[in-house]
Amino acid sequence: MRRGSLSERTIKCSKPGCACAQDPMARHGPYHSLTQAVEGRTRSRFLTAEQAPLARQQIDAGRKFRAQVDAYWEACEEWADGQLANVAASSEEAKKGGSKRTSKTKSSRKSKRS
Ligand SMILES: [Zn+2]
Numbered sequence: 091m092r093r094g095s096l097s098e099r100t101i102k103c104s105k106p107g108c109a110c111a112q113d114p115m116a117r118h119g120p121y122h123s124l125t126q127a128v129e130g131r132t133r134s135r136f137l138t139a140e141q142a143p144l145a146r147q148q149i150d151a152g153r154k155f156r157a158q159v160d161a162y163w164e165a166c167e168e169w170a171d172g173q174l175a176n177v178a179a180s181s182e183e184a185k186k187g188g189s190k191r192t193s194k195t196k197s198s199r200k201s202k203r204s
């Protein structure tokens, strides 16, 4: 399993007088290029024709895993939202209790005055 993507590339060589310099159809390849973004940088390397199908399977497995992880995150966050809602409800109850307390202090002030 891996992240990244696989693409086919044709490249120009640096041989002087090689047709690839002018003619896009004469470019070398295609070569299989495995690309992955790592910490903001794009890392890529070439794979052989034998490696390419396996890498494609690895990328596919990674994509499925990511979809499952995303679904798991969604379920967890739904549950977490429920927890937050419970905290909000209990803090509202605490406010009600607090207002009772303030009314008591008001009455105690009244008793001080009298
Ligand atoms: Zn060439």
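For the sequence shown, my numbering begins at 91 and goes up steadily by one. Every residue, glycine too, gets a C-beta built ideally from N, C-alpha and C. Computed from a prediction, not measured in an experiment: that's the story for all the values here.
C110 has its Cβ nearer than 6 Å to a heavy atom of ligand 1.
When the five nearest sequence neighbours on each side are left out, the beta carbons in the same chain lying within less than 6 Å of the beta carbon of R93 are those of Q126 and G152, in order along the chain. Not one heavy atom of ligand 1 is found less than 6 Å from the C-beta of C166.
Beyond the five residues adjoining it in sequence on each side, A111 comes within less than 7 Å, by CB distance, of K102 in the same chain, given in chain order. Residues T100, I101, K102 and C110 of the same chain have their beta carbon placed closer than 8 Å to that of R117, with the five preceding and five following residues left out of the count. Under the DSSP definition of a beta bridge, S123 partners with S97 and F136. Under the DSSP definition of a beta bridge, R131 partners with V128. Within a 10 Å sphere around the beta-carbon of L174 sit fewer than 16 other beta-carbons, which makes this residue exposed. Using a Cβ distance threshold of 7 Å, P120 and E98 count as a contacting pair.
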